[in-house]
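Numbering-wise (full-length UniProt numbering), the sequence shown opens with residue 1 and increments by one.
Encoded as structure tokens, the structure appears first; notes follow it.
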Amino acid sequence: MGGPFWMRKDDHAWSIPKGEYDPDEEDPAAVAIREFTEEMGSPPPGTADDDLDLGVVQQRGGRKTVRVWARRGDFDPTTATSNTFDLQWPPGSGKTKAFPEVDRVEWMTIEQARPRVVAAQAEFLDRLVAALDSPATR
Numbered sequence: 001m002g003g004p005f006w007m008r009k010d011d012h013a014w015s016i017p018k019g020e021y022d023p024d025e026e027d028p029a030a031v032a033i034r035e036f037t038e039e040m041g042s043p044p045p046g047t048a049d050d051d052l053d054l055g056v057v058q059q060r061g062g063r064k065t066v067r068v069w070a071r072r073g074d075f076d077p078t079t080a081t082s083n084t085f086d087l088q089w090p091p092g093s094g095k096t097k098a099f100p101e102v103d104r105v106e107w108m109t110i111e112q113a114r115p116r117v118v119a120a121q122a123e124f125l126d127r128l129v130a131a132l133d134s135p136a137t138r
């Protein structure tokens, strides 16, 4: 995640590209592609035929529902260029600064990812492992 609140944080500070949408007006899979593109600077590799629906989880506090798809494909994290957001920083200063929505992108193993990913999203790692171990996805 990006922004000053996440600087120099690693444990439970990593997240997948995501964004809000109106389920009555937008297709969640199309929104996932849009959010990946905005946060990584390019569309996800591969095609929708490769998508693995990992379902939904409630973020802590139950205020946000996150739905995730996994997709096979080659993605070079060094090419990621995040969009930015404006925030008053330092707080109370009256000055607005632009911050990247995503400040780091990298590949890691499931074992490396588990302590780093936002706690509620760790469930997606378990679902991904189970799906990849399934004969249907081999």
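The beta carbon of each residue, even a glycine, is placed where N, CA and C say it ideally should be.
Relative to the alpha-carbon of A122, which residue among G41, L54 and A80 has its alpha-carbon at the smallest distance? Checking every option, the nearest Cα to that of A122 belongs to L54.
Minimum length 4: unbroken alpha helix (DSSP H) runs contained in the UniProt domain "Nudix hydrolase" (1-130):
You should have 28-40 and 110-113.
Check: If D50 and G19 are in contact, beta carbons under 8 Å, what's the gap, nearest whole angstrom?
Finding: That pair is no contact at about 21 Å.
> Which residues in the same chain have their Cβ closer than 8 Å to the Cβ of R34, if we skip the five residues on either side of it in sequence?
Replying inline: Excluding sequence neighbours, R34 sits near G19.
Within 8 Å, do at least three Cβ pairs link the segment 96-109 to the segment 80-87? The way I'd put it, the segment 80-87 does touch the segment 96-109; three or more beta-carbon pairs between them come closer than 8 Å.
Taking the beta carbon of F124 as the centre, do at least 16 other beta carbons fall within 10 Å, making it buried, or is it exposed?
With 16 or more Cβ atoms within 10 Å of its Cβ, F124 is classed as buried.
Going by C-alpha distance, which of E39, D24, D76 and E26 is nearest I16? Closest option to I16, Cα to Cα, is E39.
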